[in-house]
Amino acid sequence: MTPEGYHRVRGHIRRNPTRRSAKKMSPWLIAGIAAVVVLWGQFFGFEAAAPAQPATPGVTATPSAGR
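The letter at position 17 of the sequence shown is residue 18 when you use the working numbering, and the numbering goes up by one with no holes.
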């Protein structure tokens, strides 16, 4: 007799398969993704990924010549 949640396969008792609703990310995978982001920023810069804003020339007032 096999316990509840288990089944017998070729003389061995094995656990019943369960559905995995969401796969867990391992800490090494998270660390690897973080390292890729940091290295991307070091080599290419985060400015290259963002669209460049055109520089608008500022209007400056010049002082009068002492009249």
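C-beta atoms are modelled at their ideal positions from N, C-alpha and C, and glycine is treated no differently.
Beta-bridge pairing of residue i - partner residues as DSSP gives them
i   : result
I14 : R9
Residue i in three-state terms, based on DSSP
i   : result
P64 : coil
P4  : coil
F44 : helix
Closest by C-alpha distance to residue i, when choosing among the options
i   : options          : result
F12 : R20, G6, M2, P18 : Strictly speaking, residue 12 in this sequence is Gly, with Phe absent from that position. Considering only alpha carbons, the answer is M2.
For residue j and residue i, believed in contact at Cβ under 8 angstroms, the rounded distance
i  : j   : result
G6 : R16 : 6 angstroms
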